[in-house]
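Trainee:
Numbering (the working numbering), first residue to last: 1172 to 1301.
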């Protein structure tokens, strides 16, 4: 089955990260069946990193609840694929620049076919994330 993307919803989430007036620094795009839709979003990059990397080695299909101040998030399992769009600021005291990155996350236990499909699906996300 061909993968689709909810362009309107994904573009809305993407624009939140791009907008200087919001505090949102990252958003994820996840699979809902065969459709890519916006997932979680947040302010703190460390939360995003932990979302993608923490507790991965606990085993297959494990979802754990973690507390980070007042924010709850689910840690990804080894069989999850998603895309993340992240905003970060770089430079020194004299010159600050905002940069953006599109990150592809593929868990260790994702099948070979789905790994290959993720590469193709990334082009759909790139149509939204310009």
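By construction, the Cβ of each residue, glycine as well, lies at the ideal position given by its N, Cα and C atoms.
Provide the residue(s) that pair with residue 1187 in DSSP beta bridges, ordered along the chain.
Mentor: None; residue 1187 has no bridge partner.
Trainee: Which residue wins for smallest C-alpha separation from residue 1301, given the options 1184, 1174, 1175, 1173?
Mentor: Residue 1301 has its Cα closest to that of 1184, out of 1184, 1174, 1175, 1173.
Trainee: Thinking C-alpha only, which one of 1277, 1275, 1258 is nearest residue 1269?
Mentor: Taking only the C-alpha atoms, the option nearest residue 1269 is 1258.
Trainee: Are residue 1249 and residue 1278 close, meaning C-beta to C-beta below 9 Å?
Mentor: Yes, the Cβ-Cβ distance between residue 1249 and residue 1278 is below 9 Å.
Trainee: Look up residue 1214 in the DSSP assignment and say whether it is helix, strand or coil.
Mentor: The answer is coil: DSSP assigns residue 1214 none of H, G, I, E or B.
Trainee: So, using beta-carbon positions, are residue 1182 and residue 1299 closer together than 9 Å?
Mentor: Against a cut-off of 9 Å, the Cβ pair of residue 1299 and residue 1182 comes out as a contact.
Trainee: Buried or exposed: residue 1283, going by 16 or more other Cβ atoms within 10 Å of its Cβ?
Mentor: Flag for residue 1283 reads exposed.
Trainee: For the alpha helix (DSSP H) that contains residue 1294, what are its first and last residues?
Mentor: From DSSP, the alpha helix (DSSP H) with residue 1294 extends over 1283–1299.
Trainee: For a test of the three-state rule: what should DSSP assign to residue 1180, helix, strand or coil?
Mentor: Helix at residue 1180.
Trainee: What residue does the beta strand (DSSP E) around residue 1261 start on, and which one ends it?
Mentor: Residues 1252–1262.
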